[in-house]
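Here the structure comes first, spelled out in structure tokens, and everything after it is commentary.
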Amino acid sequence: MARYTGPKSRIARRFGEAIFGADKVLAKRNFPPGQHGNNRRKKTSEYGQMLAEKQKAKYTYGVLEKQFRNLFDKAARKDGVTGEVLLQLLEGRLDNVVYRLGIAPTRAAARQLVSHRHITVDGKVVNIPSFAVKPGMVIAVREKSKSLEVIANALAGFNHAKYPWLEWDENLKSGKLLHVPAREDIPENIKEQMIVELYSKN
């Protein structure tokens, strides 16, 4: 299965949220796409709601089904609340950390920067978007990539204080993961317990 490359506004409308970032279409058409999208009389089943939460999380973080299942299994083996640990593992992906640091405007752009070898971890180039960043690791823009317009535009005026688990050094264009984020600090509107319940049914 290939990564989703279709209209992002369509996915945002399905969930009624700007899961890929600011989405102007929601201001005009904040209802699901399709012929009957504006008819809200249809009630979604409990299973359908659980499935929707999983799909939302996958689209938000840009993760495919197999990767997502592997992360869930890993979360289930760890100590702590499985749903929260799952979100923390998703937050710890290198592409997501690059996005949270403001180096890229979207997670898709962050994934591309990582894949194209513009990002280093502890001084070494890492081109694997799913690389798991651990507390204490330093994520930086590669020296020859610091002048890239996409990076400069993304960082301009970015508020790094909104993610307290990350530390940013503007001069070095590098950031450090201070600690794993607490659930209340993760801004994504995802009901992770419903995902846990969905997988427990399978």
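Straight run, no breaks: the sequence shown in our numbering ends on number 204.
Cβ atoms here follow ideal geometry from the backbone N, Cα and C, with glycine treated the same way.
- Contact between the stretch 174-184 and the stretch 133-149 is present: three or more C-beta pairs spanning the two stretches fall below 8 Å.
- Under the three-pair Cβ rule at 8 Å, the stretch 154-173 counts as touching the stretch 183-190.
- The count of Cβ pairs closer than 8 Å, one atom from the stretch 94-114 and one from the stretch 124-133, reaches three, so the stretches are in contact.
- Beyond the five residues adjoining it in sequence on each side, GLU199 comes within less than 7 Å, by CB distance, of MET52 in the same chain, given in chain order.
- Taking 8 Å as the cut-off, the beta carbon of LEU115 is found no closer than this to the beta carbon of LEU91.
- Rounded to the nearest whole angstrom, the C-alpha separation of ASN161 and VAL152 is 17 Å.
- Per DSSP, reduced to three states, the secondary structure at ARG95 is strand.
- Contact annotation, ILE197 with GLY85: C-beta distance approximately 6 Å; criterion of less than 8 Å satisfied.
- For THR108, no beta strand (DSSP E) segment is defined, and its DSSP state is neither H nor E.
- In this structure, GLU194 places its C-beta atom within 8 Å of the C-beta atom of LEU89.
- Taking a C-beta distance under 8 Å as the contact criterion, SER147 and HIS120 qualify as a contact pair.
- Looking from the CA of ALA154, the closest CA among PRO107, TYR63, ALA184 and GLY64 belongs to PRO107.
- Contact annotation: ALA110 and GLY64 have beta-carbon atoms nearer than 8 Å.
- Between the alpha carbons of TYR101 and VAL87 lies a distance of about 20 Å.
- Exclusion of the five residues before and after LYS60 leaves PHE70 as the residues of its chain whose Cβ lies within less than 6 Å of its Cβ.
- In the DSSP assignment, ALA184 falls outside any alpha helix (DSSP H), carrying neither H nor E.
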